[in-house]
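Asker:
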Amino acid sequence: MSAVPARALTLGGGVACNGELRHRLTALCAARGIELRVPSPRLCADNAAMIALLGAWALERGAPPAPDLDVVASLEESGIGVT
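Residue numbers are given in numbering that gives the first Met the number 0: position 9 of the sequence shown equals residue 8, and the series is strictly consecutive.
Here you go:
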């Protein structure tokens with residue numbers, strides 16, 4: 000594991016609602032003297048739910064999905080450029 004001189008860690012998104020993850024990160028950050036920033040679960044949005052809602056609204060308006068729409072499950076496959 001490489002050392003990074005972090006002073007704080009911010010956890011966000013839908014995964015931030017995971018209680019076990021919150022618990023473990025709290026302990027790890029405390030042991031390393033790193034501030035953990037985690038919003039209230041009410042404010043942690045699940046991106047998949049937001050994307051699905053947007054898709055449902057588009058379908059309600061009669062907008063068909065793009066014929067070249069492709070779904071990938073990882074950043075590596077998406078071509079976004081993970082290094």
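Heads up, the beta-carbon is just placed ideally off N, CA and C, and yes, glycines get one too.
These figures come from a predicted structure and were not determined experimentally.
Mark A15 as exposed unless 16 or more other C-beta atoms lie within 10 angstroms of its C-beta, in which case mark it buried.
Answerer: buried
Asker: Anyone know if the C-beta pair for E34 and A2 falls short of 8 Å?
Answerer: Not a contact, by the Cβ cut-off of 8 Å.
Asker: Grouping DSSP H, G and I as helix and E and B as strand, with all else coil, what is R41?
Answerer: helix
Asker: Note down the Cα distance separating L42 from L52, rounded to an integer number of angstroms.
Answerer: One C-alpha to the other measures close to 17 Å.
Asker: My assumption, with CB atoms under 8 Å, is that G13 sits in contact with A44. Please give the rounded CB distance.
Answerer: 6 Å
Asker: Helix, strand or coil for L8, going by three-state DSSP, please let me know.
Answerer: In this structure, L8 counts as strand in the three-state DSSP scheme.
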